[in-house]
Amino acid sequence: MKQTFCLLLFGFFLCGCVPDSDRLPDVSGIPMSVRIRRLEREIFGLRSKDEVTSFLDANPLFAENFLQRSAAPDDSVVVNQLYRMVTDEHLDTLYRQTQTVFADLSGLEAEFADAFRHVKHYYPAFRAPEIHTLVTGFGSDLFVSDSLVVIGLDFYLGDRGRYRPNVPNYLQRRYRPEYLVPSAIALLSQSYNATDPGDKSLLAEMIFYGKAYEFTQAMRPNAPDSLLIGYTGKQLADTEANQAVVWAHFVEKKLL
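Going by my numbering, the sequence shown opens with residue 5, and the numbers climb by one from there.
If you want it as structure tokens, here you go:
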């Protein structure tokens with residue numbers, strides 16, 4: 005899966021798609037319970053490589069989907085990697101910060117539950133994936149598959165984090181708790197939106213992220229565009245004000 009929300013999304017936003025509040029579905033009757041598993045607490049409680057191995061054996065979904073355990077040339081590679089992580093002093097600092105900033109995940113659970121109700125409304129066969137949190141040392145921000153979501157909490161500490169991920173400022177600003185659920189749903193959209201991986205054109209990229217935006221907007225209809233796209237309110241206003249200039253540039257340079 006592509007792991008970031010590309011800036012090309014703004015091209016689709018210029019089309020002026022606005023949800024019709026009168027047509028929003030009532031999903032209150034759809035049963036959906038979300039419990040986020042604090043996997044980082046379990047992992048940082050491991051004290052030996054044998055305990056790491058036992059943990060991996062007991063959690064095959066996480067071990068295979070996220071860590072790709074079976075793809076490693078030897079099982080010791082994954083075991084040693086995880087053991088180094090839990091014994092790293094720097095990661096221990098990040099871990100403690102995540103426990104402060106994300107002491108209570110009930111708000112995130114409610115957001116995910118609401119989003120999953122909308123997915124279930126539009127796609128009745130949908131089954132909510134397991135959601136695990138983790139501290140990755142800025143290795144992985146967000147992993148999303150049909151069966152598993154893994155959240156790297158250290159990425160989303162926001163201004164309260166002592167350390168921040170080494171990414172450009174425009175991306176760093178989006179690594180805050182409020183962006184977490186929209187970002188996860190945008191990645192989930194790739195399981196439902198058809199794409200042509202062979203088409204590398206700008207237009208194909210715009211359509212790809214446009215579909216992701218439409219999907220996320222449908223599943224999080226009350227979320228502001230500033231969260232769905234990652235622009236500030238001023239950036240959104242500037243985008244709308246300069247539609248003609250942007251599209252003229254695309255057409256003139258034959259970028260589409």
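Glycine included, each C-beta is placed from N, C-alpha and C at the ideal position.
- Beta bridge pairing from DSSP links T137 with R42 and I155.
- The segment 178-193 and the segment 143-158 touch, with three or more beta-carbon pairs separated by less than 8 Å.
- Each residue's CA atom was taken as its position, placing E113 and E244 some 33 Å apart.
- Cβ neighbours of V105 within its own chain (closer than 6 Å, five residues either side excluded): L161 and R164.
- In the DSSP assignment, V148 is bridged to V153.
- At the C-beta level, A119 and M223 come within 7 Å of one another.
- Annotation: R177 is outside any alpha helix (DSSP H) and is labelled neither H nor E by DSSP.
- Put simply, the segment 115-129 does not touch the segment 61-80. Fewer than three CB pairs are less than 8 Å apart.
- By the criterion of a C-beta distance shorter than 8 Å, L146 is surrounded in its chain by Q7, V153, V154, I155, G156, F159, L184, S187, A188 and L191, once the five residues flanking it on both sides are discounted.
- Where G237 is concerned, the enclosing alpha helix (DSSP H) starts and stops at G237 to A245.
- Between L138 and L71, the C-beta spacing is not below 7 Å.
- Membership of Q101 in the alpha helix (DSSP H) is indicated by the continuous run E93 to V105.
- M36 and E115 have their alpha carbons spaced roughly 11 Å apart.
- Under the DSSP assignment, G143 falls outside any alpha helix (DSSP H); it carries neither an H nor an E label.
- Within the same chain, V90 and Y99 come within 7 Å of F48 by CB-CB distance, once the 5 residues on both sides are set aside.
- In the structure shown, the three-state DSSP call for I34 is coil.
- In this structure, the beta-carbon distance from A117 to V38 falls below 7 Å.
- Contact annotation: V82 and R73 have beta-carbon atoms nearer than 7 Å.
- Under the three-state reduction of DSSP output, P181 falls in the helix class.
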